[in-house]
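Residue numbers (this note's numbering): 156 to 543. Built from N, CA and C at the ideal position, the CB exists for glycine as well.
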Amino acid sequence: MNASTRSRTGRTDSGTSNIVMTHPLGSSNGPRSWPAPNRPVATATFDRSGSVPLRPPKRVREDAMSRNPILTDKAFGLDGSSGSGGLSPAQEWQRAQSMGAGPATGTVPPSPPAPPGYGVPPDATTAASAGTDAALARGGFGSLPTATDGKVMTMGGVAASTLVFFVFLFVAAAFGWTSVTVTPDPLGRVDQNGNAIYDATMQRPWLLFVAMLVGLGLAFVTVFKPRLAMFTGSAYALCEGYLLGAISAFYGAQFPGIVAQAIVATLGVFLMMLVLYGLRILRATPKFVKGVIAATFGIMVVYGVMLIANLFGVGEGFWTSGSPLGIVISLVVVTVAALNLILDFDFIERGQQMGLPRYMDWYAAFGLLVTLIWLYLEMLRLLARLRQ
Numbered sequence: 156m157n158a159s160t161r162s163r164t165g166r167t168d169s170g171t172s173n174i175v176m177t178h179p180l181g182s183s184n185g186p187r188s189w190p191a192p193n194r195p196v197a198t199a200t201f202d203r204s205g206s207v208p209l210r211p212p213k214r215v216r217e218d219a220m221s222r223n224p225i226l227t228d229k230a231f232g233l234d235g236s237s238g239s240g241g242l243s244p245a246q247e248w249q250r251a252q253s254m255g256a257g258p259a260t261g262t263v264p265p266s267p268p269a270p271p272g273y274g275v276p277p278d279a280t281t282a283a284s285a286g287t288d289a290a291l292a293r294g295g296f297g298s299l300p301t302a303t304d305g306k307v308m309t310m311g312g313v314a315a316s317t318l319v320f321f322v323f324l325f326v327a328a329a330f331g332w333t334s335v336t337v338t339p340d341p342l343g344r345v346d347q348n349g350n351a352i353y354d355a356t357m358q359r360p361w362l363l364f365v366a367m368l369v370g371l372g373l374a375f376v377t378v379f380k381p382r383l384a385m386f387t388g389s390a391y392a393l394c395e396g397y398l399l400g401a402i403s404a405f406y407g408a409q410f411p412g413i414v415a416q417a418i419v420a421t422l423g424v425f426l427m428m429l430v431l432y433g434l435r436i437l438r439a440t441p442k443f444v445k446g447v448i449a450a451t452f453g454i455m456v457v458y459g460v461m462l463i464a465n466l467f468g469v470g471e472g473f474w475t476s477g478s479p480l481g482i483v484i485s486l487v488v489v490t491v492a493a494l495n496l497i498l499d500f501d502f503i504e505r506g507q508q509m510g511l512p513r514y515m516d517w518y519a520a521f522g523l524l525v526t527l528i529w530l531y532l533e534m535l536r537l538l539a540r541l542r543q
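In C-alpha cells:
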C-alpha cells in the first residue's frame, strides 16, 4: 500500500477481517472495500477520520448468489424481509440445492428416471417404431411427464386404449386381406402334400409401400410426441392393419390355415409372458433390459443387411429357406420379440405407480401394439419355414 492510500481493518464478531481503503482526496462514491476471497466478512463504512462507523456492519452471506451483484435482496425487493418465511433468493437457492429440488422456491421433487423402453420390430414392414426402445431406455425424453390435472395413467386405461387400437387394426386388416386376389394355379399344380397351389395377386401393390412409409413416419412422431399417441397410434394401427392383412393373405394362399395358427400362437405367447411377468419369474432388471434391447437392435441390423442384399438377389435362399439354420434364426427372433413384452408390461406397471398423465395410456398401448405386430409377423415366418 503506497502513501496515496491508507487502510483500516475492521474486525467482525467471528474474527474475520475486512480491509477498507479510502482515497485521501475523498470520493463521491464513498469508500470501497475489498473482502478477503471465499471467507464470510462483515463490512462497515467509516468517516474520513476513520474512527466512527457511519452505519452498522452488514453480514454478507457466503454463497454463490451473494457474490453476484445483480442477484441481491434489493433487486428482488426483499430488503430485510422475504415473503417466503424470511428467506432471501440466495437462501432459497441454497436450500433448494441442498434438498435436491428443481426450482429454488418450489417443493416439487425431481422427476423419476425414464423407465426402460419398448419392444421394437426390426422387420421392414414394422420397423416404423424402431426408435421406441432407444428413446425410452436411454431416457430420450429427459424425464417422464407428471400429471397436473389429477388424471393419471391406469392399467384399465391402457387396456381400453389397446382395444381401440386393435379395432382399427382388424378393420384395416380386413380391407388389406380383400385387396389381394387369390386364384387356383392355372396349371393345376399341387404341393408335396397334395394340396392345391394358389396364386395371390394385388391390383395396387404400391399401397403396401405407402402404408409402410406412412406407418414409419407415424411411429417416429408417436415416439417423440407421446401426447399425440391417441391420434398417431390410431393412424398407425390403420396403416399396419392394411399391411398385415395383405401379407397374411399372401401367406394364407401359399400355406392354408397358417394365419389362424399364427394368431393363436401370438395370443398364447402373449398370455404366457403375462403370467411369467405377473409371477415375477421374468422381471425387467437393468441387465435384462440391456440384453433385450441389444438383441433387438442386433436383429434390426441383420434385417437391414438382408433387405439390402435381397434387392441385389443375394442371400435370398438363406433368408427364406426352411433349413434348420433358418428355423433356429426364426426361433431366436420370436424369443426376442416375446421378451420385449416384458419391457412393455414393466413400463405399464411403473407408469401407473409413478402417476404418469392420462395420455400415456395411449402411448403404452402403442408400444404394446408394436410388439404384438412384430411377434405376429415372426410367427408367420416361423410357421412358414416349418411347413417348407
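Taking the C-alpha atoms as reference points, what is the distance between residue i and residue j?
i    : j    : result
T340 : A351 : Reading the sequence as shown, one finds Asp at residue 340 and not Thr. Whole-angstrom Cα-Cα distance: 8 Å.
F364 : I448 : 27 Å
I436 : F467 : 45 Å
F379 : F321 : 22 Å
P192 : T440 : Caution is warranted here: a pLDDT of 48 is assigned to P192, below 50, making its placement in the model unreliable, and the coordinate value is therefore given only provisionally. Whole-angstrom Cα-Cα distance: 49 Å.
G477 : R540 : 4 Å
Q358 : V487 : 35 Å
T551 : Y518 : In the structure as shown, the chain starts at 156 and stops at 543, and residue 551 therefore has no counterpart that could be examined.
V376 : G349 : 48 Å
A384 : A492 : 22 Å
A355 : Q416 : 20 Å
F502 : G522 : 9 Å
I454 : M461 : 10 Å
N465 : Y458 : 10 Å
M534 : G481 : 13 Å
A401 : G305 : 43 Å
L318 : Y432 : 21 Å
S403 : W332 : 7 Å
K442 : V430 : 21 Å
A315 : A520 : 9 Å
G372 : L362 : 15 Å
A408 : R505 : 43 Å
V424 : V456 : 25 Å
T451 : V345 : 38 Å
A374 : Q347 : 41 Å
R438 : V489 : 18 Å
P109 : I463 : This structure cannot settle anything about residue 109, because the visible part of the chain is limited to 156 through 543.
L434 : G311 : 20 Å
DSSP beta-bridge partners for residue i?
i    : result
D354 : T338
V345 : A351
P512 : V307
What whole-angstrom Cβ distance do residue i and residue j have, given they're in contact under 8 Å?
i    : j    : result
L398 : M367 : 6 Å
Q508 : T309 : Between T309 and Q508 the Cβ distance is about 11 Å, and since that is not below 8 Å, they are no contact.
F323 : S389 : 5 Å
P381 : Y514 : 7 Å
Y353 : V335 : In fact, because the Cβ distance is near 11 Å, the residues do not count as touching under 8 Å.
Suppose the cutoff is 6 Å on Cβ atoms and the five residues either side in sequence are ignored; what does the same chain contact list for residue i look like?
i    : result
A327 : L393, G396 and Y397
T526 : G274, N495, L496 and D499
G370 : A283, Y391, C394 and E395
S485 : R536, L537 and R540
L524 : F320
Can you list, in chain order, the residues of its chain with a C-beta nearer than 8 Å to that of residue i? Leave out the 5 residues immediately preceding and following it.
i    : result
R542 : F410, I413 and G477
V307 : Q507, G510, L511, P512 and R513
Y531 : L399, A417, I418 and T421
L342 : none
Among the residues of its own chain, which have a CB less than 7 Å from the CB of residue i, if the five just before and after it don't count?
i    : result
Y406 : I413, V414, L535 and A539
V313 : I503, D516, A519 and A520
F330 : Y397 and G400
G483 : As written in the sequence, residue 483 is Val, which differs from the Gly given in the question. The answer is none, since no qualifying residue turns up.
Tell me the start and end of each unbroken alpha helix (DSSP H) in the stretch 399-446 that is at least 4 residues and wholly inside, in chain order.
-> 413-433
In chain order, each beta strand (DSSP E) run of at least 3 residues that lies wholly inside the stretch 488-534 = none
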